[in-house]
Amino acid sequence: MNRLLSIIVAGLVLIAPRASADVVSTFDLGDEGWDVVDLGELGSDPPLLLAREATYRSTGGVSGGYIEAEDDDGSWWFFSAPEKFLGDLSGFFGGSISLALSAIADDGIDYPVAVLVGDGVALYAVGPPPGLAWTSYTIALDPSAWRIDGYLDDVHPTTDQFRAVLANVTAMYIDGDWLTGPDRTGLDDVRLSAVPEPSSVVALALGMSGLAGCRLRRARRRRPTRAGMPRNRRASRAGGES
Ligand SMILES: [Ca+2]
Ligand SMILES: [Ca+2]
């Protein structure tokens, strides 16, 4: 393997996130284990009135398939994330959750786009209603983006409280119920992303400088010597390889 290729490969290995790869649901092939829950109220231990399956649509999403559900009985309903979005999410602190929603109607009121439950508390990321067209949300996994004393009060968790929830997420809900009354809402492109670690950024910088250095050395080697023979050719001969 030549030196340039070695440096590129080493750089790619180093910049790959060490702790947390993205967790993604694009619904290309199915509902990916997402459910729908009707909750009696919101809170750290919300009464589950009913759990039901989302309807899978193979086309019509942001791209490809998506899931959707309708209001069953007037209780507050949410999309409920599968196992892969739960558990110890500490490695995603400072990262984000992004998703896309499409709703046929809304109350014109900000509601919790996402709810994270863990460590005996519920955290709410409040946002405006989605439109009928796919509407993207990106929510920072940072205390300032979440509310802790119910979704109406603008009280943020402390960093310790936020980290405690992230360390053991027992439920993640995405709001599907944006209208008081019958509604229908779709969900697509859910992504849990970690921020690149500082060491990765340093590694990337080192990889880039290594690349530049390699190019410089190659350029120098191409420069003809006084004898009219490129240095690299002479070196190759000396090494017995072409
Ligand atoms: Ca999709
Ligand atoms: Ca409704």
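Numbering (mature numbering (1 follows the signal peptide of the UniProt record, and there is no 0)), first residue to last: -21 to -1, 1 to 221. By construction, the Cβ of each residue, glycine as well, lies at the ideal position given by its N, Cα and C atoms. Here the structure is a predicted model, which is why all the values come from computation and not from measurement.
Can you name, in chain order, every residue of its own chain whose Cβ lies under 8 angstroms from the Cβ of F57, other than the five neighbours on each side? Start at 1 with the first residue of the sequence shown, and residue 57 comes out as number 78. Hits under 8 angstroms: V15, V16, L18, V94, Y152, I153, D154, G155 and D156.
Check this for me: beta carbons of P107 and A82, under 8 angstroms apart or not? The sequence position of residue 107 within the sequence shown is 128, counting from 1. The sequence position of residue 82 within the sequence shown is 103, counting from 1. Going by C-beta atoms, P107 is not nearer than 8 angstroms to A82.
V105 vs S23 beta-carbon contact at 8 angstroms: Counting from 1 along the sequence shown, the entry for residue 105 is found at position 126. Counting from 1 along the sequence shown, the entry for residue 23 is found at position 44. Cβ distance not < 8 angstroms, so V105 and S23 don't count as in contact.
Apply the 10 Å Cβ neighbour rule to S59 and answer buried if 16 or more other Cβ atoms are within range, or exposed otherwise. Here residue 59 is taken as the residue at index 80 of the sequence shown, counted from 1. That one is buried.
If we count the other Cβ atoms within 10 Å of its Cβ and call it buried at 16 or more, is I76 buried or exposed? Along the sequence shown, read from residue 1 onward, the residue named residue 76 stands at position 97. That one is buried.
In this structure, how does DSSP classify R199 when only helix, strand and coil are distinguished? Here residue 199 corresponds to residue number 220 of the sequence shown, with the count starting at 1. Interpretation of R199 is limited by its pLDDT of 45, a score under 50 that renders its predicted location unreliable; the figure taken from the coordinates is listed afterwards. Correct three-state label for R199: helix.
Grab me the residues of G87's own chain with a C-beta within less than 7 angstroms of its C-beta, minus the 5 sequence neighbours each way, in chain order. Here residue 87 refers to the residue found at position 108 when the sequence shown is read from its first residue. Cβ within range, chain order: P108.
Cα-Cα separation, K63 to E11: On the sequence shown, residue 63 is found 84 positions in, with the first residue counted as 1. On the sequence shown, residue 11 is found 32 positions in, with the first residue counted as 1. Using only the alpha carbons, I get a separation of about 10 angstroms.
Taking R31 as part of the beta strand (DSSP E), name the residues at either end of that continuous run. Residue 31 sits at position 52 when you count from the first residue of the sequence shown. Element bounds for R31: L27 to E32.
Helix, strand or coil for S23 per DSSP? Stepping through the sequence shown from its first residue, residue 23 is reached at position 44. When secondary structure is reduced to three states using DSSP, S23 falls in the coil class, being assigned neither helix nor strand.
Entirely within the region 27 to 96 and at least 3 residues each: give me those beta strand (DSSP E) ranges in chain order. Every beta strand (DSSP E) of 3 residues or more that sits fully in the region 27 to 96 is shown, in chain order, as 27 to 32, 34 to 36, 45 to 49, 55 to 59 and 75 to 82.
Taking 7 angstroms as the cut-off, is the beta-carbon of P108 closer than that to any non-hydrogen atom of ligand 2? Working through the sequence shown from its first residue, we reach residue 108 at position 129. No; taking the cut-off as 7 angstroms, the Cβ of P108 has no heavy atom of ligand 2 nearer than that.
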